[in-house]
Amino acid sequence: MANANMNCWPVIVIGGSSDQNQETTGAFQEFPQVEACRLYSKFSARSSSLDMISSVVEKAARTSMYGRPGAVYVDISGDMVNAKLDRSRAREVPCSPPPPVSMADHMAITEALAVLKGAKRPLLIIGKGAAH
Numbered sequence: 022m023a024n025a026n027m028n029c030w031p032v033i034v035i036g037g038s039s040d041q042n043q044e045t046t047g048a049f050q051e052f053p054q055v056e057a058c059r060l061y062s063k064f065s066a067r068s069s070s071l072d073m074i075s076s077v078v079e080k081a082a083r084t085s086m087y088g089r090p091g092a093v094y095v096d097i098s099g100d101m102v103n104a105k106l107d108r109s110r111a112r113e114v115p116c117s118p119p120p121p122v123s124m125a126d127h128m129a130i131t132e133a134l135a136v137l138k139g140a141k142r143p144l145l146i147i148g149k150g151a152a153h
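Spelled out as C-alpha cells, the structure:
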C-alpha cells in the first residue's frame, strides 16, 4: 500500500476481520487493521453495517482515483462476508465518475517553454507525480 501511494497507483485493498460481536475478545489478535492501514493509504474504513458496504466501497474507489491516485483499505467483518441482504434494503450507489483532469494554465506553459527555449543547457527532471 505504501508503494502504491508513493507511485500514484490507485489500489483498493479489501481485507477481512473478525465478526463485529467478537471485538474486544481477542479475535484476530485484536490487530487494529483499519487504523494501521491509515498510515499507508488515502482512505481506510470498516463498514458499520451490511447495507453500507456499497457506499464505503464507492468512496474508496473514488478516493483511490481522485487527486493524486493511491491506495485505500476497506475492511469487511466476517459476519458481513457470510450475511445476506434483502435487495429491497440494498443501497443503490452510483459509480464514481472518472476523475477530473486538471489542466495547467496555458500562460504558465507558454512561459515555461520560453524559459526552456532560452536556456543554454536545460535539465528537466520530471516524475510521474507531475501529471497530477
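Everything in the sequence shown is counted per the numbering used here, starting at 22 for the first residue and increasing by one.
For every residue, glycine included, the Cβ atom is placed at its ideal position computed from N, Cα and C.
Considering only PRO31, PRO120, VAL78, the residue with the shortest C-alpha distance to TYR61 is PRO31. Beta-bridge partners assigned by DSSP to ASP96: GLY36, ARG67. Secondary structure in the region 95 to 148: the alpha helix (DSSP H) runs of 4 residues or longer, each lying completely within the stretch, are 99 to 102, 127 to 139 in chain order.
According to the DSSP assignment, ARG83 belongs to the alpha helix (DSSP H) that extends over 74 to 86. One Cα belongs to ILE130, the other to ILE146, and the distance between them is close to 16 Å.
Per DSSP, reduced to three states, the secondary structure at ARG89 is coil, with no helix or strand assignment. Taking a 10 Å sphere around the C-beta of PRO119, we find fewer than 16 other C-beta atoms and assign the residue as exposed.
VAL78 sits away from ALA66, with the two beta carbons spaced by 7 Å or more. GLU51 carries a helical assignment under DSSP once its states are collapsed to helix, strand and coil. Straight-line measurement puts the Cα of GLU132 at about 11 Å from the Cα of GLY139.
Under the 10 Å beta carbon count, VAL93 is surrounded by 16 or more other beta carbons and is classified as buried. The region 43 to 60 makes contact with the region 83 to 101, as at least three CB pairs between them are under 8 Å.
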